[in-house]
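S.K.: Going down the list, the protein sequences come from chains A and B.
Those letters in the first sequence? Residues 1 to 174, per this note's numbering, in order.
Those letters in the second sequence? Residues 1001 to 1609, per this note's numbering, in order.
Structure in structure tokens, see below.
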Amino acid sequence: MRDLPSRRLDTRIKRVWRLSALIVVVLVLLAALITLIGIAAGVVSELGSTQERDTAFVVFYSIGAGLLAAGLLAAVAFVLVIPRLRYLRWRFEVYEEDIEIYRGILWRRRIVIPLVRVQNVDTKQGPVMRASGLASFTVATAAGEHEIPGLPVPEADELRERVAILARIAQEDV
Amino acid sequence: MPDASSTQDAPLASTLTHDGAIAPGRHRIHPSYIITSAARVFLTLFISAVVGGISSLYALAESLQQSDSIIMLIVVGGILLVFVIILGIVVLVSWLYYRRFSWEITESDIHIYSGIFMKQQVHIPFYRVQSIDFNAGLIERLLGVVRLKIETAGGSSNKGVLIPALKLGEAEALRAEAFSRKHVQASAAAASADKADGQALSAPSLPRESGVKGALHEIENAGSALRGVFAGDYQESTRVEYEYGLSLKELLLSAVSSDTIPVYFLLVLGALSQAPPFLQLVVPEFSMGSYLSQALEASLPYLVAAVAVVMLVVVVLAFLRTAISYGGFKARRRGGRIEVERGLLSRQYKGVAIGRVQAVQVRQGLIRRLMGYAQLKLLTIDSADASNSQQNSVPQLAHGMVVHPFVKAAQVDAILSGLLPEFDGRPSLGQLCGLVPRALRRSFMRRFLFPMLAAGAALLTVALLVPPLMPAEFRKFTDWALLALVAVFCVASAVCLVGSVLWYRHAGYAYNRSMLVVRQGAFSIETHIVPRRKLQWSATLQNPFQRLGGLASIMTCTAAGIGGTRLVLRDLTLEAATGFLEWTRPQGARPGLSGAAVSADKDSRPLSG
């Protein structure tokens, strides 16, 4: 029986995950706040007496504060904690005849992709990844694809070439 | 090669040559297309118009009763005129489509030219053809005409291509021709890859005048290496090796045990709820109030009779549906393909190449399991098909191919080895390994405790929050409703509890050198048989609870369906799951590395089949 895979991703992937998570959290928070301000403006303009307006202001300020707090919490979780844990848990290995991935923080999955089943391989780079000099490596089978997200560009290219050759050697039809 | 713009000048020569082969040149579809297509479109329009306008028709009729007969005549005449005009347009469009549609077989592909305003040309190389299926509606069956659908190799971007009306004989000739041409191309490609010179084996260099069948003979004579391979293949692809049908008794039983019976109950009830307004329409003095009070006054025997009638209607409906979709069912093995034809009124001829069969599913619904019967289905690679929605009225057949709707569980092995000898050598059901007792605890948590805790919490919230909000006069009603909810909750928990134990008892798996068998299910059981070489990728999964108990789930993915199908079995021991994962590695099944024995879970008990 084989050991768990041991190869890790590049440490810079943590930065990529953090940045992407931060962008998403900020965008969602902004959208929520803008919606809230819109609703608040609509409601307040409908209200007549100053007393009612004051209550409405209190309600909306507390909702806004709650949103900000939730955003902060999400930022701490998704930007600070989860990328680190995910990085610690992410392992992979490319063997002669298969690729193995082991990942997941709470729900752990260990995936084996035989190279004979690989239909195509490619490397991708988003803007954030490019800024960090990383690329993600994807293997596709006839039933979905798997991604190894953070590899230095030369390493990802080399992996792509190697897997493509190995897969061609081992190719059968579906 | 004729110019593409002169599509309307399709030849008048007959499609088939005297020896039954497809003649060269372009061919029109059967003229019955004009009638069948127009009828289909017009009926759809008509039905939607009637359904949509039934109340306005009624209002119209009412107002007409009070007005002059001349106005009535004008209105009725106007409606008729509109229908006639629509019918005329529909027929005209169908006729134009018929005029502009032609198809042709060349050495390398099937060409289809179509389109009234937007001219369209589709070329399908033979080697891309995966399946050629026929469908025939009622009118088409009377005329001996079928719709022919060509499916190309998988993927969501590859849609099927339709030739909407062909004589059955032409369709069969086209199918035979296409598959033998596919063999030629495949073996020619193989041969030219073997020999560097590849002497004149490629199909396009052949003379067209002799017809495609002639071209086949030419190819057969062209290279000695090729002829041997090809001749053998061609003989095989036409001989039926195994065939079976469905007896009337099986058809009847399969209808009665259908899983869709509850759906029919709902349908009948829905139709009944529509009855009062309908009666009101027919009998104006009919009123809902008197109907209800009469119903309440009716004594028990009437109610019982009503229930019995509903049951009878449901069973008859279910039988009709099964009889219509599975009447005259036949499945056969012919060479490298499995073919199924079925349907009493409209008929389907479906075939699949063995290479596309990814797994076999044996499904036993609750009633069928108690009767000792099962449904047998091939899970195949499907391609997305735009025309599927209107042609496949039976949703359960949209994916995969049912090769036996109702088979005795004891006969599954015999049928499979006749139809799919490639799946022989699988572990038998008697060899399945069950799960360890820890898995029962997990099954209990997963199927009973968690859902019931969630439902219970929801119920409690509703019980505490809703009644105070209700006005006093509704209190009695809410009390009853809550009581009913609690009763449903109790029944559901009992069902879940039984289900969790049943799931544990039924779950099992086995694998040997070449095959994986997984069985699971609580009330209805599904067994999947998957050849090892069809597994695309596999995984073991562990959630926190499973980690505490040293358990893991196994997941494996085949290319069946569109974009893959997953098969998951939960709660094996971690060692067993890892052992399975090792087996899925390319070197995993080689003797000496991990052995070829049936999987053995250290502390598992054998399951009886």
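Think of the CB as a built atom: it goes at the ideal place given N, C-alpha and C, for glycine as much as any other residue.
Leaving out five residues before and five after B/Leu1502 in sequence, what residues of the same chain have Cβ atoms less than 6 angstroms from its Cβ?
M.R.: Taken in chain order, the residues that qualify are Ala1522.
S.K.: For the beta strand (DSSP E) that contains B/Ala1249, what are its first and last residues?
M.R.: It is Lys, not Ala, that sits at residue 1249 of chain B in the sequence shown. No beta strand (DSSP E) contains B/Lys1249, which is instead part of the alpha helix (DSSP H) from Leu1248 to Val1256.
S.K.: Should B/Phe1580 and B/Tyr1511 be called a contact, given that it needs their Cβ atoms to be closer than 8 angstroms?
M.R.: Closer than 8 angstroms, so yes.
S.K.: Determine the extent of the alpha helix (DSSP H) in which A/Leu85 is found, giving its start and end residues.
M.R.: Taken as a continuous stretch (DSSP letters only), the alpha helix (DSSP H) holding A/Leu85 covers Ile82 to Arg89.
S.K.: By how many angstroms is the C-alpha of B/Arg1026 removed from the C-alpha of B/Ser1102?
M.R.: Answer to the nearest angstrom: the Cα atoms are 6 angstroms apart.
S.K.: Using a 10 Å radius around the Cβ and a threshold of 16 neighbouring Cβ atoms, would you call A/Asp54 buried or exposed?
M.R.: It counts as exposed.
S.K.: Just checking my contact of B/Gly1088 with B/Arg1100 at CB under 8 angstroms: how many whole Å lie between their CB atoms?
M.R.: The pair is not a contact, with the Cβ atoms about 19 angstroms apart (cut-off 8 angstroms).
S.K.: In terms of residues, what are the limits of the beta strand (DSSP E) holding B/Asp1479?
M.R.: Not the beta strand (DSSP E): B/Asp1479 falls in the alpha helix (DSSP H), residues Arg1475 to His1506.
S.K.: So B/Arg1585 contacts chain D; which residues on that side make the cut at Cβ distance below 9 angstroms?
M.R.: No chain D appears in the structure shown, which is made up of the protein chains A and B.
S.K.: Are the region 1556-1573 of chain B and the region 1428-1444 of chain B in contact at 8 angstroms, needing three or more beta carbon pairs?
M.R.: Yes, they touch.
S.K.: Just to make sure I have the definition right: I need the residues of chain A whose C-beta is within less than 7 angstroms of the C-beta of B/Ser1538. Which are they?
M.R.: In chain order: Val112.
S.K.: Could you pull out every residue in the same chain whose Cβ sits closer than 8 angstroms to the Cβ of B/Phe1448, ignoring the five residues on either side in sequence?
M.R.: Excluding residues within five positions, the ones whose Cβ falls inside 8 angstroms are Ser1493, Cys1496, Leu1497, Gly1499 and Ser1500.
S.K.: Can you pull the DSSP bridge partners for B/Val1240?
M.R.: BP columns for B/Val1240 point to B/Arg1334.
S.K.: Return the CA-CA distance between B/Ser1257 and B/Val1407, expressed in angstroms with no decimal places.
M.R.: Approximately 12 angstroms, taken between the alpha carbons.
S.K.: Tell me the DSSP bridge mates of B/Gly1245?
M.R.: BP columns for B/Gly1245 point to B/Lys1330.
S.K.: Compute the distance between the beta-carbons of B/Ala1173 and B/Ile1029, then report whether it is under 8 angstroms.
M.R.: No.
S.K.: What does B/Tyr1511 pair with, by DSSP beta-bridge criteria?
M.R.: According to DSSP, which records beta bridges pairwise, B/Tyr1511 is partnered with B/Leu1516.
S.K.: 8 angstroms is my cut-off, CB to CB: does B/Val1229 come that close to chain A?
M.R.: With a pLDDT of only 32 at B/Val1229, under the threshold of 50, the placement of this residue in the model should not be trusted; the figure read from the coordinates follows. With 8 angstroms as the cut-off, B/Val1229 does not count as an interface residue toward chain A.
S.K.: Can you tell me which of the three DSSP states A/Val118 falls into?
M.R.: Three-state DSSP puts A/Val118 in coil, outside helix and strand.
S.K.: Only counting runs of 3 or more residues, tell me where the beta strand (DSSP E) segments fall wholly within the region 1098-1143 of chain B, in order along the chain.
M.R.: Entirely contained in the region 1098-1143 of chain B, the beta strand (DSSP E) runs reaching 3 residues are, in chain order, 1102-1105, 1109-1114, 1120-1125 and 1129-1136.
S.K.: Closer than 8 angstroms, CB to CB, is A/Arg117 near chain B or not?
M.R.: Yes, contact with chain B.
S.K.: Indicate the three-state DSSP secondary structure (helix, strand or coil) for B/His1183 in the structure shown.
M.R.: In the structure shown, B/His1183 sits in a helix (DSSP, three-state: H, G or I).
S.K.: So which residues on chain B does A/Trp90 lean against when the C-beta distance must stay under 8 angstroms?
M.R.: In chain order: nothing, as chain B lies at least about 15 angstroms away.
S.K.: Under 7 angstroms between beta-carbons, which chain A residues line up against B/Pro1544? List them in chain order, please.
M.R.: Here the neighbours are Leu106.
S.K.: Could you tell me the alpha carbon to alpha carbon distance between B/Ala1487 and B/Ala1458, rounded to whole angstroms?
M.R.: Rounded to whole angstroms, B/Ala1487 to B/Ala1458 spans 15 angstroms at the Cα level.
S.K.: Spell out whether any CB of chain B is found under 8 angstroms from the CB atom of A/Ala142.
M.R.: At least one chain B Cβ lies under 8 angstroms of A/Ala142.
S.K.: Can you list, in chain order, the residues of its chain with a C-beta nearer than 6 angstroms to that of B/Gln1391? Leave out the 5 residues immediately preceding and following it.
M.R.: A caution first: B/Gln1391 carries a pLDDT of 40, below 50, which makes its placement in the model too unreliable to give a value.
S.K.: Taking the runs of the alpha helix (DSSP H) that are 4 residues or longer, which of them lie wholly in the region 1372-1453 of chain B?
M.R.: As far as the region 1372-1453 of chain B is concerned, its whole alpha helix (DSSP H) runs of at least 4 residues are 1388-1391, 1412-1419 and 1437-1444.
S.K.: Residue range of the beta strand (DSSP E) that B/Thr1573 falls in?
M.R.: Taken as a continuous stretch (DSSP letters only), the beta strand (DSSP E) holding B/Thr1573 covers Thr1565 to Thr1573.
S.K.: Give a yes or no on whether the C-beta atoms belonging to B/Ile1415 and B/Tyr1244 are separated by under 8 angstroms.
M.R.: It is a contact, given that the beta carbons lie within the stated cut-off.
S.K.: Does any residue of chain A have a CB that is nearer than 8 angstroms to the CB of B/Cys1433?
M.R.: Cβ-Cβ to chain A under 8 angstroms: no for B/Cys1433.
S.K.: Is A/Arg109 close to chain B? Criterion is C-beta to C-beta, closer than 8 angstroms.
M.R.: Chain B, which has a Cβ nearer than 8 angstroms to the Cβ of A/Arg109, makes this yes.
S.K.: If you count every other CB in all the chains shown that lies within 10 Å of the CB of B/Ile1074, and 16 or more means buried, which is it?
M.R.: Exposed.
S.K.: Give me the DSSP bridge partner(s) of B/Glu1339.
M.R.: Per DSSP, B/Arg1332 and B/Gly1351.
S.K.: Could you check whether the Cβ of B/Leu1148 sits closer than 8 angstroms to any Cβ belonging to chain A?
M.R.: Not an interface residue.
S.K.: For A/Leu80, which of A/Arg18, A/Val128 and A/Arg109 has the nearest alpha-carbon?
M.R.: For A/Leu80, the nearest C-alpha among the options comes from A/Arg18.
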